[in-house]
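Each residue of the sequence shown is one higher than the one before, counting from 1 in UniProt numbering. C-beta atoms are modelled at their ideal positions from N, C-alpha and C, and glycine is treated no differently. Just so it is clear, the structure is predicted and the values come from calculations on it, not from any experiment. Read through the structure below, which is laid out as structure tokens, and then see the notes.
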Amino acid sequence: MPKVPDGYVRVRSHLRRKPGPKSAKGLSVWAVAGLCAVVWLWGQIFGFGDGDAEQQPAPQPVASAPAGGQ
Numbered sequence: 001m002p003k004v005p006d007g008y009v010r011v012r013s014h015l016r017r018k019p020g021p022k023s024a025k026g027l028s029v030w031a032v033a034g035l036c037a038v039v040w041l042w043g044q045i046f047g048f049g050d051g052d053a054e055q056q057p058a059p060q061p062v063a064s065a066p067a068g069g070q
């Protein structure tokens, strides 16, 4: 019987790779898309606190020229 290489284990009649340490998986594509959607909806519903900066004062009429245009 041949020797089993390092990192492998014999299972019945074939070789199987030994499980290594679990790597930290990142967020899936759907999780990132959902997170972006939540942030966008939060901005649409509640705003981000910039509402006062965007409001411009109402224009005041100025009487600088006669109504006749002369």
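I'd like to know whether the C-beta atoms of residue 88 and residue 4 end up nearer to each other than 8 Å. No answer is possible for residue 88: it lies beyond the span of the chain, which begins at 1 and ends at 70.
If you reduce the DSSP assignment to three classes, tell me which class residue 41 lands in. helix
Kindly indicate which three-state DSSP category residue 27 falls into: helix, strand or coil? coil
Tell me which residue opens and which closes the beta strand (DSSP E) that residue 12 is part of. Here residue 12 belongs to no beta strand (DSSP E), and DSSP marks it neither H nor E.
Which class does residue 34 belong to by DSSP, given the choice of helix, strand or coil? helix
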